[in-house]
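Residue numbers (UniProt numbering): 1 to 255. Every residue gets a Cβ at the ideal spot worked out from N, C-alpha and C, and that includes glycine. These notes concern the structure reproduced below.
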Amino acid sequence: MGGAACTLAAVYTAARLKIPINVIALMPLCENMPGACAPGDVVTAMNGKTIQVDNTDAEGRLILCDALCYAETFKPRAILDLATLTGAMVVALGSAVTGVYTNSSHVWQTMQKAGSRTGDRVWRMPLFKHYTKQITESQLADLNNITANREAGPCTAAAFLQEFVSNKHWMHLDIAGVMSNKSEVPYLNKGMAGENMTQLNVGYVHQLQDRTVKTCDYVSNFVCCVTIYRHSASGTYWQGLMLTCIGSMKYRIIV
Numbered sequence: 001m002g003g004a005a006c007t008l009a010a011v012y013t014a015a016r017l018k019i020p021i022n023v024i025a026l027m028p029l030c031e032n033m034p035g036a037c038a039p040g041d042v043v044t045a046m047n048g049k050t051i052q053v054d055n056t057d058a059e060g061r062l063i064l065c066d067a068l069c070y071a072e073t074f075k076p077r078a079i080l081d082l083a084t085l086t087g088a089m090v091v092a093l094g095s096a097v098t099g100v101y102t103n104s105s106h107v108w109q110t111m112q113k114a115g116s117r118t119g120d121r122v123w124r125m126p127l128f129k130h131y132t133k134q135i136t137e138s139q140l141a142d143l144n145n146i147t148a149n150r151e152a153g154p155c156t157a158a159a160f161l162q163e164f165v166s167n168k169h170w171m172h173l174d175i176a177g178v179m180s181n182k183s184e185v186p187y188l189n190k191g192m193a194g195e196n197m198t199q200l201n202v203g204y205v206h207q208l209q210d211r212t213v214k215t216c217d218y219v220s221n222f223v224c225c226v227t228i229y230r231h232s233a234s235g236t237y238w239q240g241l242m243l244t245c246i247g248s249m250k251y252r253i254i255v
């Protein structure tokens, strides 16, 4: 539920900051029961594609793909999804960075810029047709929900999701490794701390010409304030305050 929590928090914060953009948040929620499906089951997604369930533990992508299909019906300019999708992403990148997959250089540059301002690193991962081929070789359906081997698990999971997106500006963030704070950020308790939520909101701010982000208000040698200002005909005024840890440590929202 880490992706759903970040999605809800991002939209809530955008609303509180009164950012004048249209945002639609979709959070597919359901009970995750041990007997919900069995190996070899075939399910049909919203876009009509059939999926062979080869691994019942790769269940999150089965509801996420329907959310992506539904998102397409709104004809958005861009689609971003967040999910604690694969344990293999934790193995690959640990908690130092969020692995992202995208079909859009523009979306990648925007997210990279947002991450550099908040201290939430992102790393672009490959989305080759090589991985698509591995998840489209099902014997019973259009797709497998997982490949036959352990290799490149995050990449094949992203390739699976891409089969449900036609939008040319799509990004998938696998936040399995950065979902919760362990011991890297000393001023926070351990647990979920909302990393990607603020990264998304700073990304929104970058799209607006009437707002600027200031990051030079240092509180100490290790912590600085990120201040959001809104500009209007009546002047410039403060709109939001966030706290970021500079250097190698990561941002977390405080105010």
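Asked	Found
Do you know how far the Cα of Met171 is from the Cα of Ser104?	8 Å
Looking only at DSSP bridge pairs, what is Arg124 linked to?	Val100
Alpha carbon to alpha carbon, how far is Val53 from Val42? Give it in angstroms, no decimals.	6 Å
Give me the Cα-Cα distance between Met33 and Ile63, rounded to the nearest whole angstrom.	14 Å
Can you grab the Cα-Cα spacing for the pair Ala4 / Leu140, in whole Å?	31 Å
Who are the Cβ neighbours of Cys69 in its own chain at under 6 Å, not counting the five residues just before and after it?	Met46, Asn47, Phe164
Please list the segments of the beta strand (DSSP E) lying wholly inside the segment 103–168, counting only runs of 3 or more residues, in order along the chain.	122–124
Pairing CB atoms from the segment 146–157 with CB atoms from the segment 77–97, are three or more of them under 8 Å?	yes
Cβ atoms of Leu143 and Ile51: under 7 Å apart, would you say?	yes
So what does DSSP say about Asp174, is it helix, strand or coil?	strand
To which residues does DSSP link Asp81 through a beta bridge?	His172
Go to Thr7, then tell me how far its alpha helix (DSSP H) extends in each direction, as first and last residue.	2–16
With DSSP collapsed to three states, give me the class of Asp217.	Residue placement at Asp217 is flagged as unreliable, the pLDDT there being 41, under the threshold of 50; the coordinate-derived value follows with that caveat. Reduced to three states, the DSSP call for Asp217 is strand.
With a 10 Å radius around its C-beta and 16 neighbouring C-beta atoms as the bar for buried, classify Ala71 as buried or exposed.	buried
Cys65 and Leu161 look like a contact to me (Cβ under 8 Å); what is the Cβ gap, rounded to whole Å?	6 Å
Mapping DSSP to helix, strand and coil, what is Met89?	helix
Between which two residues does the beta strand (DSSP E) containing Ile51 stretch?	50–52
Which stretch, first to last residue, makes up the alpha helix (DSSP H) that contains Gly60?	60–72
Since Asp120 and Thr98 should fall inside the 8 Å C-beta cutoff, what is the C-beta to C-beta distance between them, to a whole number of angstroms?	7 Å
Beta carbon of Ala148, beta carbon of Tyr131: below 7 Å?	no
Roughly how many angstroms separate the alpha carbons of Ile21 and Ala58, rounded to a whole number?	34 Å
For Asn167, which of Lys113, Ala78, Ile135 has the nearest alpha-carbon?	Ala78
Express the C-alpha separation of Leu82 and Val100 in angstroms, rounding to a whole number.	9 Å
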